[in-house]
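These protein sequence lines are chains A and B, in that order. Okay, so the first sequence: first residue is 1 according to UniProt numbering, each after it adds one. Okay, so the second sequence: first residue is 1 according to UniProt numbering, each after it adds one.
There are 2 protein chains.
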Amino acid sequence: MNCSAQEIYTLLRHYDKILLTAHVSPDGDAIGSLLALWHWLQLQGKKAVMVIDDDIDDRYDFLDGLQYINKPDQVETDDSWLTVVLDATGLGRIGQVESLVRGKVLNIDHHISNEHFAQWEYVRTDCAATGEILTYLFDLWHSEWNTAMADALYTAIATDCGFFKFNNTTGHTLRMAAILVDHGARPDFISEHLDARSLEKLKALSKVLEHLELFDDGRISCLSYTPEVLKITGEHTGMYMDYARNVKGSEVAFTVKYVSDKETRVSLRSKGMDVNAVAAVFGGGGHVRAAGCTLDKPLDEAKKLIVKEIEKRL
Amino acid sequence: MNCSAQEIYTLLRHYDKILLTAHVSPDGDAIGSLLALWHWLQLQGKKAVMVIDDDIDDRYDFLDGLQYINKPDQVETDDSWLTVVLDATGLGRIGQVESLVRGKVLNIDHHISNEHFAQWEYVRTDCAATGEILTYLFDLWHSEWNTAMADALYTAIATDCGFFKFNNTTGHTLRMAAILVDHGARPDFISEHLDARSLEKLKALSKVLEHLELFDDGRISCLSYTPEVLKITGEHTGMYMDYARNVKGSEVAFTVKYVSDKETRVSLRSKGMDVNAVAAVFGGGGHVRAAGCTLDKPLDEAKKLIVKEIEKRL
């Protein structure tokens, strides 16, 4: 961190043309932070342009201002523009937007892996979300608020801390969320939209749960993505892992995904046991509580081998 | 409200024998509030006895002190005991515990339907949970805290406001939750336990979702509890309604439950439309957004009739 909260205020007041961006594959924190800062700059009478090099998931459709987010080829800049990079650790995370960065850069981020690349940066790794940092700043600056800003930042914070369920939820996280509700954020409106799922996704969930199995007296849970299941779910299966993790009594959860008759992709999650060690046996890796590997084995055989390695360590 | 926060402190300090109770069918707020006040009284060196006239759902097993909650027949009192009734609107809500109420009563509650029955009461209908009130009190009293109290009250608040998703979530709710995390509450530990579901329940969910249908271009969603589905889910099907409500684009959700070949039970939920009017057509009733009725028709026929009545009003 090389500038203060007050210096950021001065900086944003100083520039008249400001490019706002966030990381590719934008999540609720990236989108919510982007929109909130854009709304705030509108209130200051600034020309601010939002750009993200990716499609925005339609689950965020309810957020006010979303239609003003551009793709990189819709925007032109020169070196008189300030670029604000939100919720991204480096210029490598903003895709083609990098070619629009011609002037100086301000980076506001909360990731521990931040690359400290910007002229000015405000990196708070003690915050659960970039939205938490922006709330802190707006509050400190005694800013004007509107409902759009408050909803966007509540979305940003809530999605990054799993609606105050993850262990990154601190007293500060909750106090910043409180400020947002005071300023008109609508938790019910936001959560109704975020929790909405298509009929297809719910039918896919039904199919996935059919293939949920337990091993070792329920201490190990497993989801199998057979070709038949993948036909319904599509390739994006990340959201189902939580159902395996949440099985009562499960200490380690894993998924096996069909790649071919001789190749199976494995993802592992644990509540404490070292699954990195399990993945390493098969040439994979990751972290203690989250790891992955690929086995040159058919799905059923891969599943048995993984169960055996987990059982050794439980 | 006929006494102040400070008077409650004086009252609890004054009595040496204190009976703590909460409503039957205890939820997270009832149990969490009960345990937290019990832990606090332990810290004060008081003899406090917890009693609830009901079984405690095993999803709360992770809360410290749960094993000290008694059934009414395990407890004896006399008129020197103070009874503290938590999260209950009247003595009619505490079941057989009523027979143990021999002395004076203090009621701490947040329900708008409170019957104002106690000698002393602290009823705060602006709070989302009784746990929110207790957090406020302990904080005001500059109390000692332990992790057990903090976890119990975070559970109380989070379960009553749907993890800060419901419209009863205020800035105050979030600020009280912040105080709890400051004092050691563990959102990840708590949510992992609350979200845990048995394999049987997940398999039942899979079966229920198989029977999810949409009507009227997706504006109406319906879950059918056929005899085949009920065999797997059991009679307690309330928890599945949210899946019908959360279907993207759905404005009215309803369930049809098989009672007999000539009788079907219907539950309706809406995001605005008057479903009470729909239920009334078939002799049922409820509220604008939540209503129910029973039709002397087979399940499939009942479903069609309900869809027709909803379509008229959408």
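All residues carry an ideal CB built from backbone N, CA and C; glycine is no exception.
Counting only beta-carbon separations shorter than 8 Å, does glycine 171 of chain A have a partner in chain B?
yes
For the alpha helix (DSSP H) that contains threonine 155 of chain B, what are its first and last residues?
147 to 160
Report back the beta-carbon spacing between tryptophan 141 of chain B and cysteine 3 of chain B to the nearest angstrom; my notes put them in contact at under 8 Å.
Between cysteine 3 of chain B and tryptophan 141 of chain B the Cβ distance is about 14 Å, and since that is not below 8 Å, they are no contact.
Counting contacts by CB-CB distance shorter than 8 Å, is leucine 153 of chain B in contact with chain A?
no
Cβ contact (3+ pairs, closer than 8 Å) linking the stretch 169 to 180 of chain A and the stretch 173 to 190 of chain B
yes
Proximal chain B residues relative to lysine 203 of chain A, where beta-carbon distance stays under 8 Å
Leu209, Glu210, Leu212
Backbone secondary structure at aspartate 109 of chain B - three-state DSSP:
strand
Partners in chain A for tyrosine 243 of chain B, counting only beta-carbon separations shorter than 7 Å:
Leu202
Using a C-beta to C-beta distance shorter than 7 Å, which residues of chain A count as neighbours of isoleucine 306 of chain B?
What isoleucine 306 of chain B touches in chain A: nothing, since even the nearest Cβ is about 18 Å away.
When the Cα atoms are used, what is the spatial distance from alanine 290 of chain A to glutamate 251 of chain A?
12 Å
Nearest chain C C-beta to asparagine 276 of chain B closer than 8 Å, yes or no?
The structure shown contains no chain C; the protein chains it does contain are A and B.
Which full runs of the alpha helix (DSSP H) of 4+ residues lie inside the stretch 12 to 70 of chain A, going along the chain?
28 to 43
In whole angstroms, what is the alpha-carbon distance linking aspartate 78 of chain B and glycine 103 of chain B?
7 Å
Name, in chain order, the residues that DSSP records as bridge partners for tryptophan 141 of chain A.
DSSP output for tryptophan 141 of chain A lists no bridge partner at all.
Distance, Cα to Cα, asparagine 246 of chain B vs leucine 230 of chain B?
21 Å
Name the chain A residues whose beta carbon is nearer than 9 Å to that of arginine 197 of chain B?
Tyr243, Asn246, Val247, Lys248
Which term fits valine 288 of chain A, buried or exposed, when burial requires 16 or more other beta carbons within 10 angstroms of its beta carbon?
exposed
Decide if methionine 176 of chain A is buried, meaning its Cβ has at least 16 other Cβ atoms within 10 Å, or exposed.
buried
Leucine 214 of chain A, enclosing beta strand (DSSP E) - first and last residue
212 to 215
Roughly how many whole angstroms lie between the Cα atoms of lysine 207 of chain B and valine 101 of chain A?
52 Å
In whole angstroms, give me the CA-to-CA distance for alanine 279 of chain A and glycine 286 of chain A.
8 Å
Counting only beta-carbon atoms, is lysine 165 of chain B nearer than 8 Å to chain A?
yes
Limits of the beta strand (DSSP E) - the one that threonine 233 of chain A falls within
Element bounds for threonine 233 of chain A: not the beta strand (DSSP E) but the alpha helix (DSSP H), 227 to 233.
As an exercise, report each continuous alpha helix (DSSP H) stretch of at least 4 residues that is fully enclosed by the stretch 167 to 220 of chain A, in chain order.
171 to 182, 187 to 195, 199 to 210
Assuming arginine 269 of chain A is part of the beta strand (DSSP E), what are its boundary residues?
263 to 270
Beta-carbon neighbours of alanine 177 of chain B, restricted to chain A and to distances below 8 Å
Phe164, Leu174
Using DSSP's beta-bridge definition, name the partner residues of phenylalanine 254 of chain B.
B:Cys222, B:Leu268
Can you confirm whether valine 181 of chain B, when its beta carbon is compared against all beta carbons of chain A, has any partner nearer than 8 Å?
yes
So valine 85 of chain A is in the beta strand (DSSP E); what residue range does that whole segment cover?
82 to 86
Is threonine 170 of chain A near the ligand FAD, judged by its Cβ being under 7 Å from some heavy atom?
As presented, the structure is devoid of all ligands, the ligand FAD included, so that no description of it is given.
Can you tell which of B:Glu311, B:Glu115, B:Trp81, B:Asp87 has the C-alpha that lies nearest to the C-alpha of serine 99 of chain B?
B:Trp81
Neighbourhood of aspartate 64 of chain B by C-beta, 8 Å cutoff - its chain only, sequence neighbours within 5 removed:
Leu35, His39, Thr147, Ala148, Asp151, Ala152
Determine the extent of the beta strand (DSSP E) in which valine 123 of chain B is found, giving its start and end residues.
120 to 123
Quick one: using the 10 Å Cβ neighbour count with 16 as the cut-off for buried, is lysine 297 of chain B buried or exposed?
buried
Contact with chain B by aspartate 188 of chain A, beta-carbon distance below 8 Å
yes
Going along the chain, which residues of its own chain have a beta-carbon closer than 7 Å to the beta-carbon of threonine 130 of chain B, five neighbours each way excluded?
Asp29, Ser33, Leu86, Asp87, Ile108, Asp109, His110, Ala156
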